[in-house]
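Counting with the working numbering, you get residues 18 to 640 for the letters of the sequence shown.
Have a look at the structure below, then the notes.
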Amino acid sequence: MNPIIRNTLAAAMGTVVVSSSLTVTAAVSGENFSPYVGDYPDQVLWGDTHLHTNLSLDARAFGVTLSPEMAYRFARGETVTSSNGKQVKLLRPLDWLVISDHSDALGAMNELIKGNPELMVDPTVKDWNKRINQGGETGLMAVMDVISAFTKGKTPDVLTAKPFVKSVWEDYTATADHFNEPGRFTAMIGYEWTSTTAGNNLHRNVLYRDGADKANQVMPFTVLDSDNPQDLWQWLDNYEKHTGGNVLAIAHNGNLSNGTMFPMEKTFFGATLDKNYAETRARWEPLYEVTQIKGDGEAHPYLSPNDEFADYETWDKSNLGPNLKKPGMLQYEYAREALKNGLKLEQQLGVNPYKFGLIGSTDSHTGLPTTDEANFFGKHSAVEPNAKRWKKKVGEFGEISHLSWTMASSGYAAVWAKDNTRASIFDALKRRETYATTGSRMKLRFFGGWDYRDTDAGARPLAAVGYAKGVPMGGDLTAAPKDQSPTFLIEASRDPEGGNLDRIQVIKGWLDAKGKTHEKIYNVAWSGERQLQANGKLPGVGNTVDVKSATWTNTIGASELRTVWSDPEFDPQQRAFYYVRVIEIPTPRWTSYDAKRFDVRMDRNVPMITQERGYTSPIWYTP
Numbered sequence: 018m019n020p021i022i023r024n025t026l027a028a029a030m031g032t033v034v035v036s037s038s039l040t041v042t043a044a045v046s047g048e049n050f051s052p053y054v055g056d057y058p059d060q061v062l063w064g065d066t067h068l069h070t071n072l073s074l075d076a077r078a079f080g081v082t083l084s085p086e087m088a089y090r091f092a093r094g095e096t097v098t099s100s101n102g103k104q105v106k107l108l109r110p111l112d113w114l115v116i117s118d119h120s121d122a123l124g125a126m127n128e129l130i131k132g133n134p135e136l137m138v139d140p141t142v143k144d145w146n147k148r149i150n151q152g153g154e155t156g157l158m159a160v161m162d163v164i165s166a167f168t169k170g171k172t173p174d175v176l177t178a179k180p181f182v183k184s185v186w187e188d189y190t191a192t193a194d195h196f197n198e199p200g201r202f203t204a205m206i207g208y209e210w211t212s213t214t215a216g217n218n219l220h221r222n223v224l225y226r227d228g229a230d231k232a233n234q235v236m237p238f239t240v241l242d243s244d245n246p247q248d249l250w251q252w253l254d255n256y257e258k259h260t261g262g263n264v265l266a267i268a269h270n271g272n273l274s275n276g277t278m279f280p281m282e283k284t285f286f287g288a289t290l291d292k293n294y295a296e297t298r299a300r301w302e303p304l305y306e307v308t309q310i311k312g313d314g315e316a317h318p319y320l321s322p323n324d325e326f327a328d329y330e331t332w333d334k335s336n337l338g339p340n341l342k343k344p345g346m347l348q349y350e351y352a353r354e355a356l357k358n359g360l361k362l363e364q365q366l367g368v369n370p371y372k373f374g375l376i377g378s379t380d381s382h383t384g385l386p387t388t389d390e391a392n393f394f395g396k397h398s399a400v401e402p403n404a405k406r407w408k409k410k411v412g413e414f415g416e417i418s419h420l421s422w423t424m425a426s427s428g429y430a431a432v433w434a435k436d437n438t439r440a441s442i443f444d445a446l447k448r449r450e451t452y453a454t455t456g457s458r459m460k461l462r463f464f465g466g467w468d469y470r471d472t473d474a475g476a477r478p479l480a481a482v483g484y485a486k487g488v489p490m491g492g493d494l495t496a497a498p499k500d501q502s503p504t505f506l507i508e509a510s511r512d513p514e515g516g517n518l519d520r521i522q523v524i525k526g527w528l529d530a531k532g533k534t535h536e537k538i539y540n541v542a543w544s545g546e547r548q549l550q551a552n553g554k555l556p557g558v559g560n561t562v563d564v565k566s567a568t569w570t571n572t573i574g575a576s577e578l579r580t581v582w583s584d585p586e587f588d589p590q591q592r593a594f595y596y597v598r599v600i601e602i603p604t605p606r607w608t609s610y611d612a613k614r615f616d617v618r619m620d621r622n623v624p625m626i627t628q629e630r631g632y633t634s635p636i637w638y639t640p
């Protein structure tokens with residue numbers, strides 16, 4: 018058997034019965050000589066939806082000086098100077114970027130430090146300015162005083178006055194419009210709403226389809242307005258009604274939410290999870306940030322003990338508040354469990370509130386969206402590359418201090434779009450035709466239908482067959498033909514600058530007749546001549562990493578994997594979802610590069626090797 022293409026498909030003919038927000042006319046007939054002429058998304062565009070600059074209160078407070086202008090220049094491939102004076106450049110430019118500075122106190126710290134005369138009329142602000150610019154311990158204490166004032170709702174009026182807020186926002190959106198170049202680089206307008214009541218991180222990133230002309234008509238939502246996500250959703254609704262524009266929200270990686278990101282009965286704010294809640298959340302939050310610098314949120318070994326790859330860049334020792342992490346919180350924080358619980362809520366309410374696609378982003382507070390392990394500039398300016406950064410604290414939460422080496426060099430958002438424009442990218446995000454990676458730029462395709470055949474895995478272009486016979490990632494299948502199982506067409510190609518591919522896995526979650534959720538992981542394609550074991554496990558791919566020299570070789574793994582796979586345990590009466598996880602071969606982690614670059618010896622607990630991965634948005638099956 019060809020080791021690049023493996024499948025367990027029992028081929029069966031049937032009619033495709035699908036639902037999708039994307040209408041596709043694929044070029045699979047003789048109407049066009051060129052097989053690449055088709056009305057379907059044919060570009061994978063790489064971006065970041067979660068980047069902070071010096072306009073974010075916390076980023077500027079801890080030393081970040083890069084402005085939105087510099088962040089855009091860096092993202093599109095230019096060389097810039099970091100906050101600590103280092104020259105930095107991406108190996109490859111991004112296709113699009115959302116600068117999502119915190120809407121709360123947007124630009125306030127930057128203007129405060131600069132001594133904006135309009136702000137210095139307030140004696141408290143003037144005192145903060147004087148002390149911060151003294152530096153040292155005095156400056157640090159002043160910074161903490163500013164942050165404390167904002168979190169306690171004791172912000173001086175000059176920093177929340179409408180003229181000041183409006184001027185900062187309009188400059189922010191004008192900068193995005195200036196750097197937006199349709200067809201070359203997309204600068205999407207956005208911000209982060211930062212609800213952190215009692216330490217529960219319920220942050221959302223708000224993204225606009227629109228330009229400054231519409232975005233300026235309504236000021237951003239802040240926690241001074243409300244810290245309840247349901248009120249944010251109402252703001253989103255009001256914005257669209259008032260401007261005729263379009264917006265969506267993306268929930269922040271939930272591993273610091275204290276078990277409140279994906280509730281099952283009541284929200285943290287006391288609301289009951291009813292049909293209205295489910296419909297509203299599903300409408301406004303089509304995506305979830307599954308991986309970022311503060312850890313990976315796809316799965317957790319406590320929740321998925323049979324998943325050998327679940328314990329990846331796990332960040333679960335504490336919360337943002339005073340309470341330590343408890344095991345009971347985890348089921349309401351991780352993507353896979355939320356997807357499973359969504360099936361249960363859909364059966365109860367008729368609507369699935371957790372029917373989300375997957376993206377990755379950085380949450381970098383440096384103005385630099387770097388995920389390349391050899392080019393990782395850390396969470397904030399204090400942990401930009403240097404010999405001691407691996408053991409520096411990046412935050413103290415409860416009784417736990419996180420050290421810099423626990424940070425992940427992650428992640429990016431990939432969208433399948435027709436054009437590199439705000440509209441095309443936003444629409445791809447809205448319909449969930451997206452996937453997340455931990456920083457690798459692997460290329461992934463995932464389609465579901467009822468009659469993909471073994472030979473379809475060899476089709477060129479694969480997308481033409483994929484769209485013609487089914488739905489892409491983020492789509493829905495329903496009304497299973499009698500005696501047929503869903504079939505899935507999957508393609509993965511390695512990052513040209515990264516490691517080869519180890520395997521493709523399909524993760525299935527389902528709801529049984531008794532209302533209990535289950536999950537199973539299928540290895541469906543892999544490199545080399547390895548054989549599946551009786552329990553479905555696959556032997557490891559091997560390891561070529563030389564930690565001392567921070568190098569590896571692509572002498573193992575595959576550059577491309579393709580397959581058609583059919584669910585061998587399909588029950589047409591059970592709600593289910595399927596998504597693809599692709600694992601690369603082992604490569605050096607950013608800590609390995611730092612150890613070599615700075616000639617330092619790190620603690621033996623510090624991981625030096627990683628296996629980058631990608632997660633597609635699910636395809637759901639509804640009876």
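Every residue gets a Cβ at the ideal spot worked out from N, C-alpha and C, and that includes glycine.
Since this is a predicted model, take the numbers as computed values, not measurements.
Report the rounded CA-to-CA distance for residue i versus residue j, giving the unit in angstroms.
i	j	result
D75	T383	11 angstroms
E282	T604	42 angstroms
T172	A178	10 angstroms
S146	D121	Going by the sequence as given, residue 146 is Asn instead of Ser. Taking the straight line from one Cα to the other gives about 19 angstroms.
S634	A453	8 angstroms
D144	M161	13 angstroms
R448	L253	17 angstroms
N71	R511	35 angstroms
K343	G216	14 angstroms
Q348	V264	29 angstroms
G207	T472	43 angstroms
E401	G395	5 angstroms
V432	Y632	12 angstroms
K292	F196	41 angstroms
L549	A404	43 angstroms
W108	M87	Per the sequence shown, the amino acid found at residue 108 is Leu instead of Trp. Going from the Cα of L108 to the Cα of M87 covers about 17 angstroms.
N101	S441	36 angstroms
Could you check what DSSP says for residue i in three-state terms: helix, strand or coil?
i	result
M625	coil
D65	strand
D473	helix
A440	helix
N24	Its pLDDT being 35, under 50, N24 is placed unreliably by the model, and nothing is read from it.
H269	coil
H397	coil
S321	coil
M281	coil
V368	coil
K147	helix
E536	strand
I636	strand
H419	strand
By the DSSP assignment, the beta strand (DSSP E) with residue i in it spans what residues?
i	result
G483	Segment L479 to K486 is the alpha helix (DSSP H) holding G483; no beta strand (DSSP E) there.
R579	E577 to S583
I602	Taken as a continuous stretch (DSSP letters only), I602 belongs to no beta strand (DSSP E), as it is neither H nor E.
K460	K460 to G466
F505	T504 to S510
A327	Where A327 is concerned, there is no enclosing beta strand (DSSP E), given that its DSSP letter is neither H nor E.
T308	L304 to Q309
Y225	R221 to Y225
Do residue j and residue i count as a contact pair if the criterion is CB distance below 8 angstroms?
i	j	result
F105	V97	The amino acid at residue 105 is misidentified as Phe; the sequence shows Val. Yes, Cβ-Cβ distance for V105 and V97 is below 8 angstroms.
Q309	D248	no
V523	Y595	yes
Y638	L494	yes
Q501	W527	no
I507	R462	yes
N127	R77	yes
G64	W113	yes
L437	Q60	Residue identity check: residue 437 is Asn in the sequence provided, not Leu. Closer than 8 angstroms, so yes.
E536	K357	yes
D242	S212	no
G428	T387	no
From which residue to which residue does the alpha helix (DSSP H) around residue i run?
i	result
A299	K292 to W301
- Would you check if there are 3 or more beta carbon pairs closer than 8 angstroms linking the segment 273-290 to the segment 419-431? No: fewer than three Cβ pairs fall under 8 angstroms.
- Message: Within 8 angstroms, do at least three Cβ pairs link the segment 453-473 to the segment 591-606?
- Response: With the rule of 3 Cβ pairs closer than 8 angstroms, the segment 591-606 counts as touching the segment 453-473.
- Any 3 or more C-beta pairs closer than 8 angstroms across the segment 436-448 and the segment 622-629: With a cut-off of 8 angstroms, the segment 622-629 and the segment 436-448 do not count as touching, because too few Cβ pairs lie within range.
- Task: Report yes or no: do the segment 362-377 and the segment 607-625 share at least 3 C-beta pairs separated by less than 8 angstroms?
- Result: Three or more Cβ pairs closer than 8 angstroms define a contact, and the segment 362-377 falls short of that threshold against the segment 607-625.
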